[in-house]
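Residue numbers (this note's numbering): 4 to 533.
Heads up: the structure comes next, in structure tokens.
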Amino acid sequence: MFSVPAGWERSVSSQIPVKMDAISAVLLLAVFLLVALEVRVQRSKAYRAGKKYPGPRAFPVLGNAHNLLFNDQQRTFQLPRTWAKRYGDTYRILVRGLLNLNAIQAKDVEPLLSSPKLIDKGVIYTLLHIFLGIGLLNSTGPKWQHRRRILTPAFHFNILPSFLLTFQEESRRLIAQLGQFADKGTPVALQPVATKFTLNTICETAMGVKLDSMTMANEYRSRIEGIGTMLLQRLMNPWLFEEFTYKLSGLQAKFIKLLQPVHAFTRSIIQQRRELFHQNVRNLGDFSEENIYTNIKQRYAMLDTLLAAEAKEQIDEDGIREEVDTFMFEGHDTTSAAIIFTLLLIAHSPEVQQRLYEELQEVAAQRTDPDEEFTQRDYSELKYMDLVLKESLRLYPPVPFISRNISEDTWFGDRLVPKDTLFNVHIFDLHRDPAVFPEPERFDPDRFLPENVERRSPYAYVPFSAGPRNCIGQRFAILELKTVLAAILRHFRVLPVTTREEIVFVADLILRTRDPIMVKFEHRLEPDSS
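Given below as structure tokens:
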């Protein structure tokens, strides 16, 4: 048996009160600080403003953190849908003492998006800085205005025919790929084929290179996908928002390792294009969208506009890289999602699909050579396709959510929204407002007939955002969608496999489903040239 040293019990017992007193003091201090924090929150402008909006119960100190933590992607997507149905109006949540407002009706979306002052992006966009820097997507103030002025000519109406050649070339390659599936009669998972098409397209139109001709094409695609996955991982875990915790987790180092070859690839392309640009452009001072074809011998790329700005000392190399990476990030996943959901919808609507095919035949019949490629004007004649695409983007907006930081106290109707409020627009729910779109889940392209459009607010439908910060590339995107959809429908019938009822959405920066969306393609009896 072990013997207890003399005096040990007395020594221990004398230390217990000291330890207990220290613990009690720490606990009392913690309680005092939490109470002080809660008092401060309840006295804040944000708290008082939030009381004027409905929302889920907020607990002291925690606010609504308990609603947001420990959710998977499926529940994270579904939670705002539940709140939208429950409250039917702009609702609030409180996170870390900050007021978050969530707009689902045009009456609150309009004053937010139309304001020339409320253009600051929400805090969520800071997570993109490590990848995209601070470019057109996530900059604000004078820098955003400067970049917008530089880039606007790259999307001018007169530039679109140059992009159209690339859209048609990549569409022909896609048709050949889909033809192999049609020959076998096997279902096609749309996401891989649509994403390959859009990534190839944006790579050539943005940077002037054919991705498949590059030795690292597959690695680049893989890394772009991996970057998206890691950005989502950080988005889903609020404790990773802070740079300190993100670095401490080891994920930042992993992300940078994934990112470095992508940035190196972009820089190498910029350098190659810069050399060509300076060989071919005769007069940098006169560079504009009007003379772009006479000054540049190779096919135009958006990068050329940035290189012209660089030559005029309006942007540096890091700025060019920011914008090129932004083109790549914004220009492929969004369009891919639009292609996928449009094909899903028309697969389940054979009468709509037939009307689209007949419209294509009518436009082709008006040409001297019906097998000749469509022109930009031909695509503009596809009025029914316009309706179908708009309704597809209503039901399934590729960007289901945008966020702004309120930069100054602002009145929204009779309610004051204080500075530093995070104001979110849930486009997915806005487009399902039953007062504006009766039977909102029904696919009905006629909703966008002129007589129906004029009866509703232009801010009830914002797939490309709206106001000063609307999507600069929306005409580019619509022409790309029309080109690929026309090519597919002139060659194939699209048959359903996945039903709309089977779809389970998951949270992401882009509208995504948990499971692949599948369709079948069936050769038309007399296939046309696209």
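Beta carbons are placed, not taken as given, at the ideal position from N, Cα and C, and that holds for glycine.
Note that the structure is predicted; figures quoted are calculated from it, not measured.
Just verifying my parser: in three-state terms, what is the DSSP assignment at residue i?
{"i": "G144", "result": "helix"}
{"i": "V265", "result": "helix"}
{"i": "F524", "result": "strand"}
{"i": "L514", "result": "coil"}
{"i": "R435", "result": "coil"}
{"i": "M4", "result": "Below a pLDDT of 50, predicted positions are generally treated as unreliable, and M4, at 44, falls in that range; the measurement from the model is reported next regardless. DSSP places M4 in coil when its eight states are reduced to three."}
{"i": "T337", "result": "helix"}
{"i": "T297", "result": "Confidence is the limiting factor: at T297 the pLDDT is only 48, short of 50, which leaves the residue's position unreliable, though a coordinate-based value still follows. Here T297 sits in helix by DSSP."}
{"i": "P403", "result": "coil"}
{"i": "K55", "result": "coil"}
{"i": "V212", "result": "coil"}
{"i": "T129", "result": "helix"}
{"i": "P83", "result": "helix"}
{"i": "P461", "result": "helix"}
{"i": "L498", "result": "strand"}
{"i": "V29", "result": "helix"}
{"i": "N203", "result": "helix"}
{"i": "I481", "result": "helix"}
{"i": "T378", "result": "coil"}
{"i": "R324", "result": "helix"}
{"i": "P453", "result": "helix"}
{"i": "E394", "result": "helix"}
{"i": "M217", "result": "coil"}
{"i": "I137", "result": "coil"}
{"i": "P164", "result": "helix"}
Just to confirm before moving on: does the CB-CB distance between residue i and residue j stay below 9 angstroms?
{"i": "N427", "j": "G125", "result": "yes"}
{"i": "A311", "j": "I513", "result": "no"}
{"i": "S117", "j": "A469", "result": "yes"}
{"i": "G334", "j": "G476", "result": "yes"}
{"i": "L115", "j": "I342", "result": "no"}
{"i": "A367", "j": "S174", "result": "no"}
{"i": "Q171", "j": "T371", "result": "no"}
{"i": "D436", "j": "A480", "result": "no"}
{"i": "L309", "j": "I137", "result": "no"}
{"i": "L131", "j": "L234", "result": "yes"}
{"i": "L425", "j": "L30", "result": "no"}
{"i": "P83", "j": "H351", "result": "no"}
{"i": "Y94", "j": "P63", "result": "no"}
{"i": "L168", "j": "R302", "result": "yes"}
{"i": "F80", "j": "V509", "result": "yes"}
{"i": "F524", "j": "F184", "result": "yes"}
{"i": "I272", "j": "V191", "result": "no"}
{"i": "L348", "j": "R503", "result": "yes"}
{"i": "V522", "j": "L346", "result": "yes"}
{"i": "I178", "j": "H434", "result": "no"}
{"i": "S410", "j": "I122", "result": "yes"}
{"i": "F227", "j": "L251", "result": "The question names Phe, but residue 227 in the sequence shown is Ile. No, the Cβ-Cβ distance between I227 and L251 is not below 9 angstroms."}
{"i": "I318", "j": "L306", "result": "no"}
Using the DSSP secondary-structure output, state which residues sit across from residue i in a beta bridge.
{"i": "L425", "result": "N103 and N408"}
{"i": "G66", "result": "F62"}
{"i": "L97", "result": "L102"}
{"i": "S468", "result": "P466"}
{"i": "A192", "result": "M521"}
{"i": "K124", "result": "R407"}
{"i": "T329", "result": "None; T329 has no bridge partner."}
{"i": "R493", "result": "BP columns for R493 are empty, so no partner."}
{"i": "V509", "result": "R515"}
{"i": "R418", "result": "F415"}
Measuring only the C-alpha atoms, how far is residue i from residue j?
{"i": "R397", "j": "R517", "result": "20 angstroms"}
{"i": "L539", "j": "K386", "result": "In the structure as shown, the chain begins at 4 and stops at 533. Residue 539 is therefore absent and cannot be evaluated."}
{"i": "Y56", "j": "Q364", "result": "52 angstroms"}
{"i": "R380", "j": "E394", "result": "22 angstroms"}
{"i": "I96", "j": "G66", "result": "7 angstroms"}
{"i": "D417", "j": "P403", "result": "27 angstroms"}
{"i": "T329", "j": "N221", "result": "20 angstroms"}
{"i": "T297", "j": "F377", "result": "Its pLDDT being 48, under 50, T297 is placed unreliably in this model, and the coordinates cannot settle the point."}
{"i": "L261", "j": "G91", "result": "42 angstroms"}
{"i": "L71", "j": "D412", "result": "27 angstroms"}
{"i": "T85", "j": "D24", "result": "47 angstroms"}
{"i": "P119", "j": "P471", "result": "6 angstroms"}
{"i": "V465", "j": "T189", "result": "36 angstroms"}
{"i": "M219", "j": "C206", "result": "13 angstroms"}
{"i": "S383", "j": "F451", "result": "16 angstroms"}
{"i": "T337", "j": "W147", "result": "21 angstroms"}
{"i": "V265", "j": "A52", "result": "44 angstroms"}
Next on the checklist: Quick check on the DSSP output: what are the complete alpha helix (DSSP H) runs of length 4 or more inside the region 342-375, in order along the chain?
Outcome noted: 353-368
Checklist entry - Which residue spans inside the region 219-272 form an unbroken alpha helix (DSSP H) run of at least 4? => result 220-238 and 246-251
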